[in-house]
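Peer 1: Those protein sequences? They're chains A, B and C, same order as listed.
Heads up, the first sequence is in our numbering, so the first residue is 12 and it goes up one at a time.
Heads up, the second sequence is in our numbering, so the first residue is 16 and it goes up one at a time.
Heads up, the third sequence is in our numbering, so the first residue is 80 and it goes up one at a time.
This is the structure I want to talk about, given as structure tokens.
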Amino acid sequence: MKIDGEYLFKGPREEVWEIIRDPEVLATALPGTKSLDKVGENEYRGDMNVKVGPVGGLFSGHLLVSNEVPPESLTLTVDGRGSPGFINGSGNVVLTDTGEGTTLMKYDGEVQIGGKLASVGQRLLDTASKSTIRQALDALDMALQARVAAKAEGKAVEYTPPSETQFAAAVAKDMAGQALSSRTLWIIIAIIVIIAVIAAIWISRTHGG
Amino acid sequence: MATKFVGKRVQRNEDPRLLTGQALFVDDVDLAGMLHVAFLRSDYAHARLKSIDISAAQKRPGVVAVYTAEIMGDDCQPGPPLVSPPPTAKNVLFNSRRQVPLVIDKVRHAGETIAAVVAESRYIAEDAVEDIIVDLEPLAAVSDLEKALSPTSARVHEDLDSNLAAHMVQEKGDYASARANADVVIKRRITIDRGAAAAMENRGIVADWDAKNHHLTVWDTTQAPIPIRNGLASRLGLSEHQVRVIAPFLGGGFGPKMMMFYPEEMLIPWISMKLAKPIKWIEDRRENFYATTQERVQIHDVEMALTRDGRILGISDNFLHDTGAFDPYGLTIPLNTQSHAMGAYDVPNFHSELKVVFTNKVISTPIRGAGRPQGIYVVERMLDIAAKELGLDPVEIRKRNFIPPDKFPYEQEIIDQAFSQLIFDSGNYLPVMEKAAKLIGYDQFVREEQPRLRAEGRHAGIGVVSFVETTGVGPYEGARITVQANGKIGVATGVGTQGQGHYTSFAQVVADQLGVDVRDVQLVSGDTAEFHWGTGTFASRGAVVAGNAIHESAKAVRAKILKLASETLGAPEEELELEDGQVRVADIPHQSISLGELASLANPLRGAVEPGSEPGLEATAYFGPKYGATAFGVHAMILEVDVETMMVNIKKYVVVEDCGTILNPMILEGQIHGGVAMGIGNAFYEKLVYDDNAQLLNASLADYLIPSATEVPRIVVGHEETPSPLNSLGTKGAGEAGTIPVPALFAQALENALPEYKLEIVETPLSPNRVFELIQKKEKT
Amino acid sequence: MSQTIDISVTVNHTTYERSVEPRMLLSDFLRHELCLTGTHVGCEHGVCGACTVIFDGQPCRSCLIFAVQADGHEILTIEGLAPIDNLHPLQQSFIEAHGLQCGFCTPGFILTMVPFLERNPHPTEEEIRQAISGNICRCTGYQNIVDAVMLAAEKMSAAQRV
Numbered sequence: 012m013k014i015d016g017e018y019l020f021k022g023p024r025e026e027v028w029e030i031i032r033d034p035e036v037l038a039t040a041l042p043g044t045k046s047l048d049k050v051g052e053n054e055y056r057g058d059m060n061v062k063v064g065p066v067g068g069l070f071s072g073h074l075l076v077s078n079e080v081p082p083e084s085l086t087l088t089v090d091g092r093g094s095p096g097f098i099n100g101s102g103n104v105v106l107t108d109t110g111e112g113t114t115l116m117k118y119d120g121e122v123q124i125g126g127k128l129a130s131v132g133q134r135l136l137d138t139a140s141k142s143t144i145r146q147a148l149d150a151l152d153m154a155l156q157a158r159v160a161a162k163a164e165g166k167a168v169e170y171t172p173p174s175e176t177q178f179a180a181a182v183a184k185d186m187a188g189q190a191l192s193s194r195t196l197w198i199i200i201a202i203i204v205i206i207a208v209i210a211a212i213w214i215s216r217t218h219g220g
Numbered sequence: 016m017a018t019k020f021v022g023k024r025v026q027r028n029e030d031p032r033l034l035t036g037q038a039l040f041v042d043d044v045d046l047a048g049m050l051h052v053a054f055l056r057s058d059y060a061h062a063r064l065k066s067i068d069i070s071a072a073q074k075r076p077g078v079v080a081v082y083t084a085e086i087m088g089d090d091c092q093p094g095p096p097l098v099s100p101p102p103t104a105k106n107v108l109f110n111s112r113r114q115v116p117l118v119i120d121k122v123r124h125a126g127e128t129i130a131a132v133v134a135e136s137r138y139i140a141e142d143a144v145e146d147i148i149v150d151l152e153p154l155a156a157v158s159d160l161e162k163a164l165s166p167t168s169a170r171v172h173e174d175l176d177s178n179l180a181a182h183m184v185q186e187k188g189d190y191a192s193a194r195a196n197a198d199v200v201i202k203r204r205i206t207i208d209r210g211a212a213a214a215m216e217n218r219g220i221v222a223d224w225d226a227k228n229h230h231l232t233v234w235d236t237t238q239a240p241i242p243i244r245n246g247l248a249s250r251l252g253l254s255e256h257q258v259r260v261i262a263p264f265l266g267g268g269f270g271p272k273m274m275m276f277y278p279e280e281m282l283i284p285w286i287s288m289k290l291a292k293p294i295k296w297i298e299d300r301r302e303n304f305y306a307t308t309q310e311r312v313q314i315h316d317v318e319m320a321l322t323r324d325g326r327i328l329g330i331s332d333n334f335l336h337d338t339g340a341f342d343p344y345g346l347t348i349p350l351n352t353q354s355h356a357m358g359a360y361d362v363p364n365f366h367s368e369l370k371v372v373f374t375n376k377v378i379s380t381p382i383r384g385a386g387r388p389q390g391i392y393v394v395e396r397m398l399d400i401a402a403k404e405l406g407l408d409p410v411e412i413r414k415r416n417f418i419p420p421d422k423f424p425y426e427q428e429i430i431d432q433a434f435s436q437l438i439f440d441s442g443n444y445l446p447v448m449e450k451a452a453k454l455i456g457y458d459q460f461v462r463e464e465q466p467r468l469r470a471e472g473r474h475a476g477i478g479v480v481s482f483v484e485t486t487g488v489g490p491y492e493g494a495r496i497t498v499q500a501n502g503k504i505g506v507a508t509g510v511g512t513q514g515q516g517h518y519t520s521f522a523q524v525v526a527d528q529l530g531v532d533v534r535d536v537q538l539v540s541g542d543t544a545e546f547h548w549g550t551g552t553f554a555s556r557g558a559v560v561a562g563n564a565i566h567e568s569a570k571a572v573r574a575k576i577l578k579l580a581s582e583t584l585g586a587p588e589e590e591l592e593l594e595d596g597q598v599r600v601a602d603i604p605h606q607s608i609s610l611g612e613l614a615s616l617a618n619p620l621r622g623a624v625e626p627g628s629e630p631g632l633e634a635t636a637y638f639g640p641k642y643g644a645t646a647f648g649v650h651a652m653i654l655e656v657d658v659e660t661m662m663v664n665i666k667k668y669v670v671v672e673d674c675g676t677i678l679n680p681m682i683l684e685g686q687i688h689g690g691v692a693m694g695i696g697n698a699f700y701e702k703l704v705y706d707d708n709a710q711l712l713n714a715s716l717a718d719y720l721i722p723s724a725t726e727v728p729r730i731v732v733g734h735e736e737t738p739s740p741l742n743s744l745g746t747k748g749a750g751e752a753g754t755i756p757v758p759a760l761f762a763q764a765l766e767n768a769l770p771e772y773k774l775e776i777v778e779t780p781l782s783p784n785r786v787f788e789l790i791q792k793k794e795k796t
Numbered sequence: 080m081s082q083t084i085d086i087s088v089t090v091n092h093t094t095y096e097r098s099v100e101p102r103m104l105l106s107d108f109l110r111h112e113l114c115l116t117g118t119h120v121g122c123e124h125g126v127c128g129a130c131t132v133i134f135d136g137q138p139c140r141s142c143l144i145f146a147v148q149a150d151g152h153e154i155l156t157i158e159g160l161a162p163i164d165n166l167h168p169l170q171q172s173f174i175e176a177h178g179l180q181c182g183f184c185t186p187g188f189i190l191t192m193v194p195f196l197e198r199n200p201h202p203t204e205e206e207i208r209q210a211i212s213g214n215i216c217r218c219t220g221y222q223n224i225v226d227a228v229m230l231a232a233e234k235m236s237a238a239q240r241v
């Protein structure tokens, strides 16, 4: 399964780089994460609750960071297994300074998925993965802004990450929302308006002259 | 002898129990102290097993035991081969590899059993499965058939130097010279994918080792309890008489419930002996997709050589066949494909090379059709393509090639799935085709209705295909019939029943011979304690082989009845009649005796008996055919395609079949309806989707689409009866007939419905998406 | 030890008091607690309809409901429909029209059709096919099931007229 996209962080590139290499922040940005520990210079190990539709359970995994060019780019390689199945793959992350105090992150990669996740969760995987990634990046962005603000004021960082329930609700909402994307909604509204206009014209014609 | 019951639409004996929840299926078995099993199965399709830690699972409250291959030790042996190995011959290569109860060192398909948890409930057992920590080192998975044969491919079995499981060449005549003399040679690559049987009842086993009596009882969703009994006894170090295997009512078989010696089938009885407790395992639907056998892909490179007027001079069919991770079922499916690649036609020259390939997927074993649909798809498609090139009508080109009635028995000069010479016993194909064409209204549709519909912008198409079906294969079956003291007739036979109506069709045969009512014949089948000689229900052989054994046995009992009644009533045998459960002297009705009384007389408590005689009115007989009988049929269909959605609406569906003497037309038609429904699934809705890692992506009924009542049309069934000379009833099998030609029929009808796209369909299954893609591809070129 | 909840469920006009785990499925409760094995489990994910029972007068998939949700409710399973010597017209029609082969899906079809025929006593073939499209049968190809329902509708309206 291909995974790619972009995200605009509201903060400078150096801070973004710090955040994505900080296991404590990552652990909170991905709710469902039970633990995330740095076990080597570029190696993390963690446990995470994963849920895709009816399939869910605890995953244990390895995350390897490589090809680091701070603060520009890196490659992440993940290998996770649990009762719902396995996920492994790798992706490249590239950070670009937009020159306006924000950072554009571009990511692209490929994952292999197996087990229950693949065989029962298949139709939900695309939406679920996009939503999960977006929610995580939103949470990272919030953490980023808290950190930037705290640094500016010389204070300690105050930041409440979203809870597991909030996170799950957000993902579910996304997946339901996908069924009726805003573009589709506009098209439907447009059609209804057009039909109403045609009906009005027809009625006036048959009743009028 | 006029038949009162055979040939009639007799209502089924077994129905009232099935309709009121009073029929026993395996999951209904409930024994005191019974424990439940759940399996840890591999998520990876190909991996090395490094370590398993079961300690947490063992500690969970309610868990009684956890087993791994290491714990099983030497008892963890591969299952037996399920069919005899092919004869050693210079053009036959066969590498036999069979599955093990629990993975020893390497996982070879996703879903393979790694560990078994035994607990007080299935709920607790499944909880404990998640406690097990297993370390699997993934290996590159073998998924694509052609890539599997490349020298750089990962190897499913590392002791072999490739993934080639088998290789065999068969020849008839001289294809090369046929080709040289042909006016037209058609050459195509045809890809055929089938699917899962997906019976409504998943598999299950209950094993009960009675330590005090040293006796093992097993309830198993098997179509073949006798081979299971014999194999289990051998594996467990028991005598055959210490093992009883019962196949109760089964919720559908369709092939995968044959004598597979599935890992679970080998393990559950072993666990029961170890713990001296009843043990139950019931498969859930997801497991069914991962662990019950399927049929998958064949890739055919075919050539057909014809004369200008459409006569087939020769066929060459070289193909690859996906057997999955193991090949316990030998060459059955691909040999069936070869046996059917000449179809119902008089083909003088044939060449076929088959290669069976190991992949990291579930084992492939016969699913209704068992390789025949693939052979028929190939020959029917090639014929349709030839018809287009030669400007011939599809019905006409078939008529020109049918084996004529005077050529039977027709020797095909190749060997069949039983490694005996393939011979078509009898047939009269033309009347069947003509009846089908008439029933579908072929001429009227092609000349009037289709042009009219086309003018309205509608896409209606018609298809007509023919097929043969080899059935009734040996080796043999047996039956024991006993007249009981209460006048009811007890019949015991070895084959199991999965819905085909054996309780009734077999009873009809007995009722006619013994002059009793069908309702008074009580059949016991699928219980090795009642009858322990035979093989099982598969390959459309139940009615033919068991039915004929029952017929022979009934005739023998009839002879005994007449002999004893003649002595008792003091009248010669020729003057006796069997009717309404009585033996009467013709024209002297009061000189009669009931069968029950006669049976009691035949089993005296005192007095002398004639030396060499046998007690009771009982006989056992066996029947083994010289070779399998070949049935024939034609399917025809009118469908309409919505070109916006590519959805298909079948307006009319006709089947005319010739399976020899019909025992019960109502049951036969039911088999045809069900077979066609499965064929429609195979053709347009069902597909097992695997990715490059040999992961199954649609392991649920939500994503594997079985046709519902809105996808299956009303089916009109016509009959012709050309009896088989191979058995005294004249029957041939029909269990798979509905399924075999449907994909070929869909292809023809769809091409016919969409003429503007000039589609040439050389693959199956299709789907609305796939038809759309094919049209897009065509429009680009 | 896991938590259990006391429930009181009326099945086939008999009320049963039991203690069950919250996660026990209604299908397992009926089959293994109450030993009413006529309700069959085909998929456990709500697609095949084999587990259909009548729950407060409505057909429902017992594999998608927990036993605790049945507390205080009334359930009819196939065993409660009619005795074997006096079958319901639907059951009798299934015999006459050969509407079952292996019989595994059959209780689900029958219990789906009982409320259907109450609502729609004179259904067309199209309406019947729609109504049974949520029940999968792998054996019959549905034709004889449709015929059985038509036949039952006839029998039931004839009985009403008498």
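Don't be surprised by glycine CBs; every beta carbon is placed ideally from N, CA and C.
Just confirm the distance between the C-beta atoms of residue 269 of chain B and residue 214 of chain B, as a whole number of angstroms; I'd bet it's less than 8 Å.
Peer 2: Going by Cβ atoms, the distance from residue 269 of chain B to residue 214 of chain B rounds to 6 Å, so yes, they are a contact pair.
Peer 1: How about residue 350 of chain B: is its Cβ closer than 7 Å to a heavy atom in the ligand MN?
Peer 2: The ligand MN is absent from the structure shown, which contains no ligands of any kind.
Peer 1: Which same chain residues end up closer than 7 Å to residue 708 of chain B when comparing Cβ atoms and leaving out the 5 residues on each side of it in sequence?
Peer 2: Same-chain partners within the cutoff: 60, 156 and 158.
Peer 1: Does DSSP put residue 219 of chain A in a helix, in a strand, or in coil?
Peer 2: Because the pLDDT at residue 219 of chain A is just 45, under 50, the model does not fix this residue reliably, and the value given afterwards should be weighed accordingly. Three-state DSSP puts residue 219 of chain A in coil, outside helix and strand.
Peer 1: Might you give, ordered along the chain, the residues of its own chain that have their beta carbon closer than 6 Å to the beta carbon of residue 420 of chain B, omitting 5 neighbours on each side?
Peer 2: Counting only Cβ-Cβ distances below 6 Å, and skipping sequence neighbours, we find 443.
Peer 1: Relative to the alpha-carbon of residue 245 of chain B, which residue among B:684, B:255, B:239 and B:434 has its alpha-carbon at the smallest distance?
Peer 2: Here the closest residue by C-alpha is B:255.
Peer 1: Where are the alpha helix (DSSP H) runs, 4 residues long or more, that stay fully inside the segment 397 to 433 of chain B, in chain order?
Peer 2: Segments of the alpha helix (DSSP H) lying fully in the segment 397 to 433 of chain B: 409 to 416.
Peer 1: Could you give the distance in angstroms between the alpha-carbon of residue 197 of chain C and the alpha-carbon of residue 34 of chain B?
Peer 2: Straight-line Cα distance between these residues: approximately 20 Å.
Peer 1: Nearest to residue 179 of chain C by CA position, among B:267, B:78 and B:67, is which residue?
Peer 2: Out of B:267, B:78 and B:67, B:267 has the C-alpha closest to the C-alpha of residue 179 of chain C.
Peer 1: Quick one: is residue 620 of chain B buried, meaning 16 or more other Cβ sit within 10 Å of its Cβ, or exposed?
Peer 2: Answer is exposed; the Cβ neighbour count stays below 16.
Peer 1: By DSSP, does residue 221 of chain C sit in helix, in strand, or in coil?
Peer 2: Reduced to three states, the DSSP call for residue 221 of chain C is coil.
Peer 1: According to DSSP, residue 138 of chain C sits in a beta bridge with which residue or residues?
Peer 2: BP columns for residue 138 of chain C point to C:133.
Peer 1: How far does the beta strand (DSSP E) with residue 55 of chain A in it extend, from its first residue to its last?
Peer 2: Per DSSP, residue 55 of chain A belongs to the beta strand (DSSP E) from 54 to 63.
Peer 1: Determine, using beta-carbon pairs with one atom in the segment 133 to 152 of chain C and one in the segment 71 to 82 of chain B, whether at least three such pairs fall under 8 Å.
Peer 2: Because the criterion of three Cβ pairs below 8 Å is not met, the segment 133 to 152 of chain C and the segment 71 to 82 of chain B do not touch.
Peer 1: Sort out for me which residues DSSP pairs residue 238 of chain B with in a bridge.
Peer 2: Beta-bridge pairing links residue 238 of chain B to no other residue.
Peer 1: Counting only runs of 4+ residues fully inside the segment 104 to 176 of chain A, write out the alpha helix (DSSP H) ranges in chain order.
Peer 2: With a minimum length of 4 residues, the continuous alpha helix (DSSP H) runs that stay inside the segment 104 to 176 of chain A are 127 to 131 and 133 to 164.
Peer 1: Residue 192 of chain B to residue 204 of chain B, Cα distance in whole Å?
Peer 2: Spanning the two alpha carbons is a distance of roughly 22 Å.
Peer 1: What does a CB cutoff of less than 8 Å around residue 573 of chain B pick up in its chain, not counting 5 residues either side in sequence?
Peer 2: Only 528, 529 and 593 meet the Cβ criterion.
Peer 1: Between residue 720 of chain B and chain A, is the shortest Cβ-Cβ distance under 8 Å, so that the two count as touching?
Peer 2: So no, residue 720 of chain B is outside the interface.
Peer 1: In this structure, does DSSP put residue 222 of chain B in helix, strand or coil?
Peer 2: Strand at residue 222 of chain B.
Peer 1: So residue 28 of chain A is in the alpha helix (DSSP H); what residue range does that whole segment cover?
Peer 2: Its alpha helix (DSSP H) spans residues 24 to 31.
Peer 1: Quick one: which unbroken beta strand (DSSP E) runs of 3-plus residues sit fully inside the segment 613 to 676 of chain B? Chain order, please.
Peer 2: Entirely contained in the segment 613 to 676 of chain B, the beta strand (DSSP E) runs reaching 3 residues are, in chain order, 633 to 638, 645 to 657 and 662 to 673.
Peer 1: Could you run through the segment 28 to 59 of chain A and flag, in chain order, every residue whose CB is less than 9 Å away from some CB of chain B?
Peer 2: So the list is empty, because no residue satisfies the distance condition.
Peer 1: Could you pull the DSSP bridge partners for residue 70 of chain A from this structure?
Peer 2: In DSSP, residue 70 of chain A forms a bridge with A:59 and A:93.
Peer 1: Return the first residue and the last residue of the beta strand (DSSP E) that residue 477 of chain B is part of.
Peer 2: Where residue 477 of chain B is concerned, the enclosing beta strand (DSSP E) stretches over 474 to 485.
Peer 1: From B:326, B:117 and B:343, pick the residue whose C-alpha is nearest to that of residue 198 of chain B; which is it?
Peer 2: Ranking the options by Cα distance to residue 198 of chain B, first place goes to B:326.
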